[in-house]
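Since the structure comes first, as structure tokens, the remarks are kept for the end.
Number of protein chains: 2
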Amino acid sequence: MADNVPAWWVSDAERTAVYRVIHTRRDIRSTFLSTPIPDDVLWRLLGAAAAAPSVGFMQPTEIIVLYDAATRRHIQQHFETANRAAAEVYTSDDRAAYEALKLAAILETPLNVIFVCDTTTVRGRGLGRQTMPETAVFSTVCAVQNFWLAARAENIGVGWVSILEPDAIKSVLKIPAHLTLVAYLCVGYVSDFPPQPELETKGWEGARALAEMVHLDTYGRPLPPPAHPLTPTSHNAYS
Amino acid sequence: MADNVPAWWVSDAERTAVYRVIHTRRDIRSTFLSTPIPDDVLWRLLGAAAAAPSVGFMQPTEIIVLYDAATRRHIQQHFETANRAAAEVYTSDDRAAYEALKLAAILETPLNVIFVCDTTTVRGRGLGRQTMPETAVFSTVCAVQNFWLAARAENIGVGWVSILEPDAIKSVLKIPAHLTLVAYLCVGYVSDFPPQPELETKGWEGARALAEMVHLDTYGRPLPPPAHPLTPTSHNAYS
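Respectively, the protein sequence lines represent chains A and B. Heads up: the first sequence begins at 1 in the numbering used here, then just goes up one per residue. Heads up: the second sequence begins at 240 in the numbering used here, then just goes up one per residue.
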């Protein structure tokens, strides 16, 4: 292969780097630093988001980069209200465990990044969306995941906050009513990427075994595991 | 930094590899080979999917690896029916353009991989889903994007087929009614990763400029572009 590698070929070293970033990515809440993110780094992250797949090449994603402190304090109040309401569904030990978790870093991070989907755009001419219209919003989720992995590759942490009322956030950020709020991210450099997900370390939820998630040909039929043990770059470090 | 780099630090070379894979990933329909995918490679892809973020660490994703030829011929028939119906909404030139596109590779690939979400699992104890329950399905989409990027890093192509009726596919694959079909992927080695998305090359849809997607602090307010031009690894090669 060595003498005859096409221009698009990804090398073993590059592949190992990609797996390392996939397996060491974390949902960060507790280890953020306030260090600013340089503009060129931010634009690289935004470029990675824009390079995500989209159904019919519709590229329905709009991204708001939020620095403004007053706006973020306003959103923090919305988060606190939603989080108090969320805590109320838990009882006794579960409630204490929930209240001990840190679930957002809206003010501690240097910026927040909000992903919105325009499901009404004529871009893509509707291709692929007649049977599964939800793929418009899924395209924006793919952009979020590209952003998240690019951030990990820049040694930047991301925490996704979903304990927010979408309509309230849309109102604060002046997002038109016909757009869909997909993701609210807190973004910043970190003091650590922990080896395990924080929700696992803190006992909120354990990791599933990989084989349990995989089915062969029809649902419920197990896929036999590989003959050789997985290599370090392929091990299943969930988060 | 050199003497004092933490274990989790991603190097410049690793970062460049991640951006290369993000920017050269494509939705593949036309360049698949029938070469089998070794089991250990397949399990690395599945491990990458399982390492995706999930709301409340619920890990709601179930993955069906589909080799069976008769099942795939059955699904191909469903695709052809859905695709004929989809073509009928277009008229004149648009219809000819639509019909000239290749939109699936269900039978030409060595395997198909189907992603399903169990939004009803008690895993994660509902954390993060009271205000945005759609984040359960979004977690499965993040798993799809991890799989897709890992595949690109293995020089394996992926094509996402959404021109399928989810209920029909669930019935064929014996997926329980309470689970949600998220993604149907055709997966295989390729003869080429084209430099541009096929839908762009074939004139179906053009690429958006990155700056047009990005807003500062509130929707509709532009973020000034970076002082320095983006580097090659950050350029905006959409797909």
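Where is the CB? At the ideal position from N, CA and C, for every residue including glycine. Keep in mind the model is a prediction, meaning the values are calculated, not measured.
Backbone CA spacing between residue i and residue j [nearest angstrom]
| i | j | result |
| --- | --- | --- |
| R264(B) | Y98(A) | 39 Å |
| S92(A) | T81(A) | 20 Å |
| T358(B) | H417(B) | 8 Å |
| P164(A) | V158(A) | It should be noted that the sequence gives Leu, not Pro, for residue 164(A). In a straight line, the C-alpha of L164(A) is about 17 Å away from that of V158(A). |
| V5(A) | T457(B) | 46 Å |
| Y240(A) | P110(A) | Past the edges of chain A, shown from 1 to 239, lies residue 240(A), and the structure says nothing about it. |
| E200(A) | P194(A) | 11 Å |
| P224(A) | I302(B) | 14 Å |
| P232(A) | F271(B) | With a pLDDT of only 44 at P232(A), under the threshold of 50, the placement of this residue in the model should not be trusted; the figure read from the coordinates follows. So the two alpha carbons sit approximately 29 Å from each other. |
| M297(B) | A50(A) | 27 Å |
| S473(B) | A287(B) | With a pLDDT of only 40 at S473(B), under the threshold of 50, the placement of this residue in the model should not be trusted, and no figure is reported. |
| A69(A) | E108(A) | 10 Å |
| R84(A) | E212(A) | 34 Å |
| W204(A) | V249(B) | 28 Å |
| G206(A) | K441(B) | 47 Å |
| D251(B) | L210(A) | 30 Å |
| S34(A) | E253(B) | 24 Å |
| D39(A) | D278(B) | 42 Å |
Whether residue i touches residue j by CB criterion (9 Å)
| i | j | result |
| --- | --- | --- |
| V383(B) | A422(B) | yes |
| L285(B) | V214(A) | yes |
| P53(A) | W387(B) | yes |
| G363(B) | V294(B) | yes |
| V400(B) | V141(A) | no |
| R447(B) | L340(B) | no |
| P222(A) | W282(B) | no |
| T121(A) | G128(A) | no |
| S139(A) | P60(A) | yes |
| M371(B) | P166(A) | yes |
Cβ neighbours of residue i in the same chain (closer than 8 Å, five flanking residues each side left out)
| i | result |
| --- | --- |
| I169(A) | I75, H78, I114, I175, L181, Y184 |
| I395(B) | I276, V280, L284, V426, G427, Y428, V429 |
| V89(A) | none |
| I345(B) | R311, I314, Q315, F318, N351, V400, C425 |
| L412(B) | I303, L305, T310, I353 |
| G459(B) | none |
| H467(B) | none |
| G365(B) | G295 |
| D431(B) | T270 |
Residues near residue i by beta carbon distance below 7 Å, same chain, minus five either side
| i | result |
| --- | --- |
| S478(B) | Any answer about S478(B) is weak, because its pLDDT of 33 lies below 50 and its placement is not dependable; what the coordinates show is given next. Cβ within range, chain order: R264, R265, D266, P436. |
| Q369(B) | none |
| V137(A) | C117, T119, T180, V182 |
| A87(A) | R95, Y98, E99 |
| N146(A) | A48, A49, A51, A52 |
Chain D residues whose Cβ lies nearer than 7 Å to that of residue i
| i | result |
| --- | --- |
| L412(B) | Annotation note: the requested chain D is absent from the structure, which comprises protein chains A and B. |
Open item on the list: Tell me whether the stretch 147-161 of chain A and the stretch 243-262 of chain B touch, counting them as touching only if at least three CB pairs, one residue from each stretch, are closer than 8 Å.
Closed with: yes
TODO: Below 7 Å between beta carbons is the criterion; list the residues of the stretch 392-409 of chain B that meet it against any residue of chain A, in chain order.
DONE: A392, E393, N394, W399, S401, I402, L403, E404, P405
TODO: Could you name the residues of the stretch 357-383 of chain B whose beta carbon sits closer than 8 Å to any beta carbon of chain A, in the order they occur along the chain?
DONE: R362, G363, R364, G365, L366, G367, R368, Q369, T370, M371, E373, T374, V376, F377, V380, C381, V383
TODO: With 9 Å as the limit, tell me which residues of the stretch 9-28 of chain A have their beta carbon closer than that to any beta carbon of chain B; keep them in chain order.
DONE: W9, V10, S11, A13, E14, R15, T16, A17, V18, Y19, R20, V21, I22, H23, T24, R25, R26, D27
TODO: With 8 Å as the limit, tell me which residues of the stretch 289-317 of chain B have their beta carbon closer than that to any beta carbon of chain A; keep them in chain order.
DONE: A289, A290, A291, P292, V294, G295, F296, M297, Q298, T300, E301, I302, I303, V304, L305, Y306, D307, T310
TODO: Note down, in chain order, all residues in the stretch 31-50 of chain A with a beta-carbon under 7 Å from any beta-carbon belonging to chain B.
DONE: D39, D40, W43, R44, L46, G47, A48, A50
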